[in-house]
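The structure under discussion appears below in the form of structure tokens.
2 protein chains.
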Amino acid sequence: MNSEPKKTKKELNPNVSVDCVIFGFDLNQLYVLLIDSGNTEGYQQSRMAVPGDLIFDTENLDEAARRVLKELTGIENIYLEQIGAFGDPNRIGKKESDRKWLESIRAQPEARVITVAYYSLVKMPNFNPKASSFAKSAGWAPITEINDLAFDHYEILESALEQLKRKIKIQPIGFNLLPEKFTLSQLHKLYECILGKDLDKRNFRRKILNLDILTNLEEKQIGVPHKPSQLFKFNEENYEKLSLEGFDNFGF
Amino acid sequence: MNSEPKKTKKELNPNVSVDCVIFGFDLNQLYVLLIDSGNTEGYQQSRMAVPGDLIFDTENLDEAARRVLKELTGIENIYLEQIGAFGDPNRIGKKESDRKWLESIRAQPEARVITVAYYSLVKMPNFNPKASSFAKSAGWAPITEINDLAFDHYEILESALEQLKRKIKIQPIGFNLLPEKFTLSQLHKLYECILGKDLDKRNFRRKILNLDILTNLEEKQIGVPHKPSQLFKFNEENYEKLSLEGFDNFGF
DNA sequence: AAGCTGTGTGTCTTTAGAACACTTTCAAAT
DNA sequence: ATTTGAAAGTGTTCTAAAGACACACAGCTT
Numbered sequence: 001m002n003s004e005p006k007k008t009k010k011e012l013n014p015n016v017s018v019d020c021v022i023f024g025f026d027l028n029q030l031y032v033l034l035i036d037s038g039n040t041e042g043y044q045q046s047r048m049a050v051p052g053d054l055i056f057d058t059e060n061l062d063e064a065a066r067r068v069l070k071e072l073t074g075i076e077n078i079y080l081e082q083i084g085a086f087g088d089p090n091r092i093g094k095k096e097s098d099r100k101w102l103e104s105i106r107a108q109p110e111a112r113v114i115t116v117a118y119y120s121l122v123k124m125p126n127f128n129p130k131a132s133s134f135a136k137s138a139g140w141a142p143i144t145e146i147n148d149l150a151f152d153h154y155e156i157l158e159s160a161l162e163q164l165k166r167k168i169k170i171q172p173i174g175f176n177l178l179p180e181k182f183t184l185s186q187l188h189k190l191y192e193c194i195l196g197k198d199l200d201k202r203n204f205r206r207k208i209l210n211l212d213i214l215t216n217l218e219e220k221q222i223g224v225p226h227k228p229s230q231l232f233k234f235n236e237e238n239y240e241k242l243s244l245e246g247f248d249n250f251g252f
Numbered sequence: 253m254n255s256e257p258k259k260t261k262k263e264l265n266p267n268v269s270v271d272c273v274i275f276g277f278d279l280n281q282l283y284v285l286l287i288d289s290g291n292t293e294g295y296q297q298s299r300m301a302v303p304g305d306l307i308f309d310t311e312n313l314d315e316a317a318r319r320v321l322k323e324l325t326g327i328e329n330i331y332l333e334q335i336g337a338f339g340d341p342n343r344i345g346k347k348e349s350d351r352k353w354l355e356s357i358r359a360q361p362e363a364r365v366i367t368v369a370y371y372s373l374v375k376m377p378n379f380n381p382k383a384s385s386f387a388k389s390a391g392w393a394p395i396t397e398i399n400d401l402a403f404d405h406y407e408i409l410e411s412a413l414e415q416l417k418r419k420i421k422i423q424p425i426g427f428n429l430l431p432e433k434f435t436l437s438q439l440h441k442l443y444e445c446i447l448g449k450d451l452d453k454r455n456f457r458r459k460i461l462n463l464d465i466l467t468n469l470e471e472k473q474i475g476v477p478h479k480p481s482q483l484f485k486f487n488e489e490n491y492e493k494l495s496l497e498g499f500d501n502f503g504f
């Protein structure tokens, strides 16, 4: 509470936050993790937000994103990438419900806050998000059903998806969304969900197998009411090799 | 100097800055605009920086970048794109010379500042940068000769170049670096400079002409000591059309 | 007139993308 | 036991784009 912001340990910076768009995949569709302020009557998407919080003055932005993510969801050691900065002066104060929410969680609810957005990919079944101290509830929402969010978070989500679409064409980051063992069909479905369009099955398999980053586990699905599929795992070693040589494009 | 940061008109935000990597091209090589703090004896690259400054609380980030750019160089209405946020807690305080510089220009030289970086492309001959109030001098430096800069600006420059390389393959933004009338060889050279590798002349011409975004001016170079080249201009109308249909890839 | 310099042009080969249909394996239902 | 349903798995052809490559031309200089 000093007039001059001196560097003390662990002081929240009132002007900079991080927000994390966390993607999950249940082998059928893409989800985003949202928290609910619960500060309006009846359910409204506009009170849902992606998890985020102010940064400490002692941490860098990536660290802040990892910390916030861990605090809000318990997840650590995941794929995380910066989307960019969002800094409209009114980005968090446009809606009445947003302002009420801020008053309930921020020491300086009026402060102008720019946010640095990240997106991350997690193995959904590995955890059930728990509500944080300032969220009434937290949970997975199918991205196809989202059309509005608190603050400027819908815009942030759109940017995140855009970047994910771009990135998945040039890096095999999709594996972060799948279980250790997965089938080609599941990977195929994942690509279709992210890119938002149908992909030819045979062409997809050919291309992904040609990359030589999958290991066939010589193991089959069990208990499925149809021809069981081969299980694969991601081959990190070959991927490293491939990255160094630099592969630019396995576009679809 | 109030203890509580209240929203007043035109107050500088002590925690957020914008930095602009400004690229230019003289038909031979790529340049970056740098300003010189002049606060060490003898010339050193480590006292050169890309232009940037704190943002006002009333403007958004893009506006801030445009304002800073105009203030420092006089240029407006240019191509400008965000690179991302850089926020290491020590990003501006690592070097002694950086700290001296900050003390000379900042009201709160100790404040933790995250910066949002932009890059922009300008027609070099259109202006000569003038030194700003806090830079002893400003000028163009060939990017091939830069290997160190003040603060974390070298890192920012690297990100800018990376993004430019990526972007130029999927959008004809290179035209922002060329004069209104240019030859295919000049455009070719520009692509080689940005991508840092040789490109086959015939293949380049074929590809760029197939895009149908150039208009042959039916006009030739004059006074050159060799066969004069056709002059072209960028055809904005066709580009608009092409963008809407969505072209993803004219990669080299 | 000769020489220098950058302009301008076409073809062939290789590679990658796109389109497309039927058989197989298992579990569940009858 | 047989049938049915549901997803797995598999090759070929056609088309489009990328990459490699060499020589004649026009204007200026000397």
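Here the protein sequences line up with chains A and B, keeping their order. Residues 1 to 252, numbered by our numbering, are exactly what the first sequence covers, in order. Residues 253 to 504, numbered by our numbering, are exactly what the second sequence covers, in order. Note that CB positions come from ideal geometry on N, CA and C, so glycine has one too.
Residue i versus residue j: straight-line alpha-carbon distance, rounded
| i | j | result |
| --- | --- | --- |
| THR58 (chain A) | ILE344 (chain B) | 13 Å |
| LYS227 (chain A) | THR144 (chain A) | 30 Å |
| ALA317 (chain B) | ALA85 (chain A) | 13 Å |
| SER349 (chain B) | GLU410 (chain B) | 21 Å |
| ILE168 (chain A) | GLY174 (chain A) | 6 Å |
| GLN415 (chain B) | PHE456 (chain B) | 21 Å |
| GLY304 (chain B) | LEU321 (chain B) | 8 Å |
| THR115 (chain A) | ARG166 (chain A) | 22 Å |
| ALA150 (chain A) | ALA49 (chain A) | 5 Å |
| LYS262 (chain B) | ILE213 (chain A) | 54 Å |
| PHE277 (chain B) | LEU102 (chain A) | 47 Å |
| GLU315 (chain B) | ILE327 (chain B) | 13 Å |
| GLU293 (chain B) | ASN128 (chain A) | 59 Å |
| GLU256 (chain B) | ALA111 (chain A) | Residue placement at GLU256 (chain B) is flagged as unreliable, the pLDDT there being 48, under the threshold of 50; the coordinate-derived value follows with that caveat. When rounded, the distance between both Cα atoms is 9 Å. |
| ASP88 (chain A) | PRO109 (chain A) | 16 Å |
| TYR239 (chain A) | SER37 (chain A) | 41 Å |
| PHE308 (chain B) | ASN126 (chain A) | 43 Å |
| LEU244 (chain A) | GLU237 (chain A) | 11 Å |
| VAL476 (chain B) | LYS449 (chain B) | 26 Å |
| GLU71 (chain A) | ALA160 (chain A) | 21 Å |
| TYR154 (chain A) | ARG47 (chain A) | 11 Å |
CB-CB length for residue i against residue j, believed under 8 Å
| i | j | result |
| --- | --- | --- |
| GLN186 (chain A) | LEU178 (chain A) | 6 Å |
| GLN297 (chain B) | ASP400 (chain B) | 4 Å |
| VAL122 (chain A) | ASN176 (chain A) | 7 Å |
| TYR283 (chain B) | GLN334 (chain B) | That belief does not hold up - the Cβ atoms of TYR283 (chain B) and GLN334 (chain B) are roughly 21 Å apart, past 8 Å. |
| ASP296 (chain A) | ILE146 (chain A) | Coverage of chain A is limited to positions 1 through 252, which leaves residue 296 (chain A) absent and any answer about it impossible. |
| LYS453 (chain B) | HIS440 (chain B) | 6 Å |
Span of the beta strand (DSSP E), counted from its first residue to its last, around residue i
| i | result |
| --- | --- |
| THR215 (chain A) | 214 to 220 |
| GLN82 (chain A) | 79 to 86 |
| ILE55 (chain A) | 52 to 56 |
| ASN455 (chain B) | Counting along the chain, ASN455 (chain B) falls outside any beta strand (DSSP E), though it belongs to the alpha helix (DSSP H) covering 453 to 462. |
| ILE287 (chain B) | 282 to 288 |
| ALA369 (chain B) | 366 to 373 |
| ILE22 (chain A) | 12 to 25 |
Cβ pair residue i, residue j closer than 7 Å
| i | j | result |
| --- | --- | --- |
| LEU264 (chain B) | LEU306 (chain B) | yes |
| LEU217 (chain A) | LYS233 (chain A) | yes |
| LEU285 (chain B) | TRP392 (chain B) | yes |
| ASN291 (chain B) | LYS352 (chain B) | yes |
| SER372 (chain B) | ILE274 (chain B) | yes |
| ILE222 (chain A) | ALA138 (chain A) | no |
Sequence-distant residues of its chain with Cβ nearer than 6 Å to residue i (five each side left out)
| i | result |
| --- | --- |
| LEU242 (chain A) | none |
| THR215 (chain A) | LYS233, ASN235 |
| ARG319 (chain B) | none |
| LEU27 (chain A) | GLN186 |
Endpoints, alpha helix (DSSP H) assigned at residue i
| i | result |
| --- | --- |
| LYS70 (chain A) | 61 to 73 |
| ASP98 (chain A) | 96 to 105 |
| ILE156 (chain A) | 153 to 168 |
| SER137 (chain A) | From DSSP, SER137 (chain A) is part of no alpha helix (DSSP H) but of the beta strand (DSSP E) over 137 to 142. |
| LEU231 (chain A) | Not the alpha helix (DSSP H): LEU231 (chain A) falls in the beta strand (DSSP E), residues 230 to 234. |
| TYR443 (chain B) | 436 to 447 |
Beta-carbon contacts of residue i that lie in its chain and below 8 Å, excluding the five residues immediately before and after
| i | result |
| --- | --- |
| VAL365 (chain B) | PRO266, ASN267, VAL268, SER269, LEU306, ARG343, ILE344 |
| TYR191 (chain A) | ILE168, GLY174, LEU199, PHE204, PHE252 |
| GLN281 (chain B) | PRO394, ILE395, THR396, CYS445 |
| LYS181 (chain A) | LEU217, GLU219, LEU231, PHE232, LYS233 |
| THR435 (chain B) | GLN473, SER481, GLN482, LEU483, PHE484 |
| MET255 (chain A) | Past the edges of chain A, shown from 1 to 252, lies residue 255 (chain A), and the structure says nothing about it. |
Own chain, CB closer than 7 Å to residue i, minus 5 neighbours either side, in chain order
| i | result |
| --- | --- |
| TYR79 (chain A) | SER120, LEU121, ILE173, ASN176 |
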